[in-house]
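Protein chains in written order, with the UniProt record's numbering: chain Z, 1 to 374; chain E, 1 to 81; chain S, 1 to 160.
Glycine included, every Cβ here is placed at the ideal spot set by N, Cα and C.
Please read the structure below before turning to the comments.
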Amino acid sequence: MPHKPPTKEELERRKIVGIRDETITDVSCSDFPGHYPGEDHSWDIDAFRRGFSVEFHQNDRFEASFSLIGCDASIANAFRRIMIADIPTLAIENVFINNNTSVIQDEVLAHRLGLIPFQGGHEGLHKFLKWWRKPTDEAQMNNSYYDFNTVSLKLEVQCEHNDKAAAGETDPTKLYHHAHVYARDIEFCPVGRQDRYFSGADAIAPVNPDILIAKLRPGQEISLSMHMHKGVGSDHAKFSPVATASYRLMPVIDITRPILGDDAEKFARCFPRGVIELEKVTKKEAGQKGSGYEGHAGELKAVVADPMRDTVSRECLRHDEFKDKVKLGRRRDHFIYLVESTGQWESDAIFIEAVAHLKKRALDLEKQVKNMVR
Amino acid sequence: MSREQYQVPTGSGSPTIGTGSFSAPTARDYTGDVGGVMYYMCGDCAVRVPLEKGAPIRCQKCGARVLYKERTKRMVQFEAR
Amino acid sequence: MPRAKTRKEEPVEAGSDTVMEEAPTSHQPESRDDMSVDQDENDEAGEAEEDEIEEEEEVQRVRLLPGSTPTAASFEFLNEGHTLGNALRYIIMKNPDVEFCAYAIPHPSEAKMNVRIQTFEGTTAIEALEKGLRDVQDLCDVVSDKFIDAREKFVAGASS
Numbered sequence: 001m002p003h004k005p006p007t008k009e010e011l012e013r014r015k016i017v018g019i020r021d022e023t024i025t026d027v028s029c030s031d032f033p034g035h036y037p038g039e040d041h042s043w044d045i046d047a048f049r050r051g052f053s054v055e056f057h058q059n060d061r062f063e064a065s066f067s068l069i070g071c072d073a074s075i076a077n078a079f080r081r082i083m084i085a086d087i088p089t090l091a092i093e094n095v096f097i098n099n100n101t102s103v104i105q106d107e108v109l110a111h112r113l114g115l116i117p118f119q120g121g122h123e124g125l126h127k128f129l130k131w132w133r134k135p136t137d138e139a140q141m142n143n144s145y146y147d148f149n150t151v152s153l154k155l156e157v158q159c160e161h162n163d164k165a166a167a168g169e170t171d172p173t174k175l176y177h178h179a180h181v182y183a184r185d186i187e188f189c190p191v192g193r194q195d196r197y198f199s200g201a202d203a204i205a206p207v208n209p210d211i212l213i214a215k216l217r218p219g220q221e222i223s224l225s226m227h228m229h230k231g232v233g234s235d236h237a238k239f240s241p242v243a244t245a246s247y248r249l250m251p252v253i254d255i256t257r258p259i260l261g262d263d264a265e266k267f268a269r270c271f272p273r274g275v276i277e278l279e280k281v282t283k284k285e286a287g288q289k290g291s292g293y294e295g296h297a298g299e300l301k302a303v304v305a306d307p308m309r310d311t312v313s314r315e316c317l318r319h320d321e322f323k324d325k326v327k328l329g330r331r332r333d334h335f336i337y338l339v340e341s342t343g344q345w346e347s348d349a350i351f352i353e354a355v356a357h358l359k360k361r362a363l364d365l366e367k368q369v370k371n372m373v374r
Numbered sequence: 001m002s003r004e005q006y007q008v009p010t011g012s013g014s015p016t017i018g019t020g021s022f023s024a025p026t027a028r029d030y031t032g033d034v035g036g037v038m039y040y041m042c043g044d045c046a047v048r049v050p051l052e053k054g055a056p057i058r059c060q061k062c063g064a065r066v067l068y069k070e071r072t073k074r075m076v077q078f079e080a081r
Numbered sequence: 001m002p003r004a005k006t007r008k009e010e011p012v013e014a015g016s017d018t019v020m021e022e023a024p025t026s027h028q029p030e031s032r033d034d035m036s037v038d039q040d041e042n043d044e045a046g047e048a049e050e051d052e053i054e055e056e057e058e059v060q061r062v063r064l065l066p067g068s069t070p071t072a073a074s075f076e077f078l079n080e081g082h083t084l085g086n087a088l089r090y091i092i093m094k095n096p097d098v099e100f101c102a103y104a105i106p107h108p109s110e111a112k113m114n115v116r117i118q119t120f121e122g123t124t125a126i127e128a129l130e131k132g133l134r135d136v137q138d139l140c141d142v143v144s145d146k147f148i149d150a151r152e153k154f155v156a157g158a159s160s
């Protein structure tokens with residue numbers, strides 16, 4: 001029996017994960033060779049290129065949203081994991097405390113400082129700065145800091161009474177000088193060639209100058225210096241270039257039978273605003289036999305306007321009147337990413353870097369495998 | 001987080017003098033000619049209280065008996081983790 | 001090491017916790033510079049450092065596990081996890097000459113990832129693994145190109 005190639009509808013149906021009121025269906029993908037007799041699903045880069053597309057929804061410095069359409073979850077997940085754990089950033093790693101008479105303990109203060117995200121010139125951060133490795137020999141520690149692997153910062157704050165404060169003032173920030181220590185009080189101390197890469201707008205500085213580090217009272221002092229190094233998120237979350245990097249699958253809402261009138265309004269309220277819109281049934285639709293619109297010309301009907309905004313809450317499936325009129329699902333190969341940058345990288349550059357990183361990893365391992373055979 | 005490379009403060013000389021015995025490391029000589037005065041912080045009035053060896057543990061100003069040790073003058077290194 | 005200078009200039013108070021000279025040597029670098037500066041005259045030092053890092057990368061991270069035959073083999077990858085494991089498994093499974101492919105992380109506290117490949121006659125597990133790694137690289141090129149195109153279009157659309 002000759003095999004018939006799958007119809008367009010069939011291919012579309014295979015991509016949908018079914019979502020019912022209490023259960024889900026068709027979770028795993030089936031596009032592997034040998035799964036469907038007579039069909040070829042072997043890896044073909046040209047077929048992948050034809051089927052794959054990227055769509056941008058938002059592209060700001062701190063937030064980018066885009067869709068990868070036509071790739072497998074294992075690939076999409078690899079990019080997500082790499083963005084979180086394998087893209088290097090610069091963060092405070094060592095804190096040298098000379099004096100800290102504030103109420104915040106040394107180790108807590110050091111931890112807080114480590115979590116502050118910093119920005120700086122991209123060329124310097126990504127090309128000039130290299131990894132710092134802790135020397136195995138403790139005595140070699142002081143010879144391991146170079147201008148290309150260490151950035152030096154300092155924080156010197158003393159709290160004093162403000163003589164000019166109005167009588168009866170109760171606000172500590174007005175009553176005292178430096179009652180609050182903010183991230184903007186951290187000072188960058190360029191060394192060697194760092195001047196070339198990190199000057200002016202490219203200077204190493206906290207992304208958000210208003211991060212509160214500690215609160216002081218008159219007589220208290222914080223005096224410390226810090227070393228920043230490059231690191232990756234798998235070592236410590238402070239090195240992660242993203243606040244979140246996540247994806248979700250594109251929701252699918254399929255209205256199989258018309259939902260009209262008051263029901264349509266109720267149906268729209270089952271979804272977040274903008275997902276379902278109401279349209280008037282046209283005379284032409286009402287004239288079509290078997291369409292379900294007969295005799296309803298001019299009434300409102302529910303139409304799917306923007307399924308991407310849906311949260312797939314399944315609220316509509318709780319109402320008996322909609323149960324047989326709607327099918328919910330998610331598109332298995334449509335990933336809507338949301339990448340929030342902490343500010344050291346541009347949010348879209350993080351993804352590009354993640355793709356490059358995966359390629360590099362595969363290339364390195366290919367060499368390793370060849371070396372293993374040799 | 002640890003106070004890396006912490007060493008017990010010792011007054012003079014190295015603590016490894018007199019190897020072989022379990023004698024305590026040469027402790028700081030509090031009665032030495034440096035004056036033997038240690039400063040503490042009064043728990044009540046926060047004044048700096050100088051205390052000599054054997055002196056009653058008491059704030060000379062307010063009489064409070066709770067005294068705190070002063071912070072080390074040394075640099076302390078922490079990992080920001 | 002920072003602040004060594006200023007500390008030294010401070011008069012040592014009588015009865016203070018400790019005098020500077022007793023501090024561990026690691027707190028008092030011999031050179032009073034905060035950092036060694038890799039200037040042009042000692043560029044060699046910097047290069048030596050980088051070479052060292054390159055050398056460390058040379059460690060063999062892939063191993064053929066015992067009991068393997070040409071068409072059915074298990075590989076052990078050091079310092080790899082789900083990130084590459086699952087992507088590689090997917091792309092090897094896309095190879096029509098591969099009968100079976102799976103990956104596992106035998107223990108979460110060991111940085112090891114195992115891949116099992118069984119192929120039909122005509123190819124070997126090692127060839128399938130190499131093809132998989134090449135395919136991942138090709139895929140990355142396509143994703144990167146399409147992503148940059150889409151971004152350009154988006155930026156152009158937003159500005160016009």
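By the beta-carbon neighbour count (other beta carbons within 10 angstroms, threshold 16), residue 55 of chain E is exposed. Note that the C-beta distance between residue 154 of chain Z and residue 216 of chain Z is not below 8 Å. Closest option to residue 252 of chain Z, judged by alpha-carbon separation, among Z/9, Z/6 and Z/16: Z/16. Put simply, the CB of residue 60 of chain E is far from chain Z, with every gap to its CB atoms at 8 Å or more. Close CB contacts of residue 88 of chain S within its chain, under the 6 Å cut and outside five residues either way in sequence, are with 132 (chain order). For chain S, the residues of the segment 349-367 of chain Z that bring a beta carbon within less than 8 Å of one of its beta carbons are 351, 352, 355, 356, 358, 359, 361, 362, 363, 364, 365 and 366, in chain order.
Below the 8 Å Cβ cutoff, chain S contributes 126 as neighbours of residue 373 of chain Z, in chain order. Counting along the chain, residue 208 of chain Z sits inside no beta strand (DSSP E), nor does DSSP assign it H or E at all. Contact between the segment 302-310 of chain Z and the segment 234-252 of chain Z is present: 3 or more CB-CB pairs across the two stretches fall below 8 Å. For the C-beta of residue 112 of chain S, not a single chain Z residue is nearer than 7 Å; the gap to the nearest is close to 14 Å.
The secondary-structure analysis by DSSP pairs residue 67 of chain Z across a beta bridge with Z/55 and Z/336. DSSP places residue 39 of chain E in the strand class (E or B) of the three-state scheme. Taking a 10 Å sphere around the C-beta of residue 120 of chain Z, we find 16 or more other C-beta atoms and assign the residue as buried. When the five nearest sequence neighbours on each side are left out, the beta carbons in the same chain lying within less than 6 Å of the beta carbon of residue 157 of chain Z are those of 178, 181, 185 and 222, in order along the chain. Spanning the alpha carbons of residue 68 of chain E and residue 40 of chain E requires a straight line of approximately 5 Å. Taking every protein chain shown into account, the CB of residue 371 of chain Z has fewer than 16 other CB atoms within 10 angstroms, so this residue is exposed. For residue 132 of chain S, no beta strand (DSSP E) segment is defined; the enclosing uninterrupted segment is the alpha helix (DSSP H) at 125-159.
It is roughly 16 Å from the alpha-carbon of residue 304 of chain Z to the alpha-carbon of residue 323 of chain Z. Within chain E, 77, 78, 79 and 80 have C-beta atoms less than 8 Å from the C-beta of residue 95 of chain Z, given in sequence order. Taking one beta carbon from each stretch, the segment 118-137 of chain Z and the segment 341-361 of chain Z have 3 or more pairs nearer than 8 Å; the two touch.
The three-state secondary structure of residue 220 of chain Z, taken from DSSP, is coil. The C-beta of residue 108 of chain S comes no closer than 8 Å to any C-beta of chain Z. Per DSSP, the continuous alpha helix (DSSP H) segment holding residue 80 of chain Z begins and ends at 73-85. Going by DSSP, residue 119 of chain S is part of the beta strand (DSSP E) stretching over 112-119. A distance of 8 Å or more separates the beta carbons of residue 338 of chain Z and residue 78 of chain Z.
Within the model, the alpha-carbon separation for residue 47 of chain Z versus residue 135 of chain S is close to 13 Å. Residue 86 of chain Z places its beta carbon less than 8 Å from that of residue 233 of chain Z.
At a beta-carbon threshold of 7 Å, the residues of chain Z lying near residue 134 of chain S are 366, ordered along the chain. At a beta-carbon threshold of 9 Å, the residues of chain Z lying near residue 71 of chain E are 99, 100 and 101, ordered along the chain. Nearest CB-CB separation between residue 202 of chain Z and chain S: not below the 8 Å threshold. Residues of the segment 103-121 of chain Z with a Cβ closer than 7 Å to any Cβ of chain E, in chain order: 106, 107, 110, 111, 113 and 114.
At a cut-off of 8 Å, the C-beta of residue 48 of chain Z has a neighbouring C-beta in chain S. C-alpha of residue 75 of chain E to C-alpha of residue 227 of chain Z: approximately 14 Å in a straight line. Only residues of its own chain outside the window of five on either side were considered, and among them 238 have a CB closer than 6 Å to the CB of residue 115 of chain Z, listed in chain order.
For the segment 65-93 of chain Z, the residues whose beta carbon sits under 7 Å from a beta carbon of chain E are, in order, 92 and 93. The beta carbon of residue 175 of chain Z sits closer than 8 Å to those of 161, 162, 165 and 169, all from its chain and outside the five residues before and after it, given in chain order.
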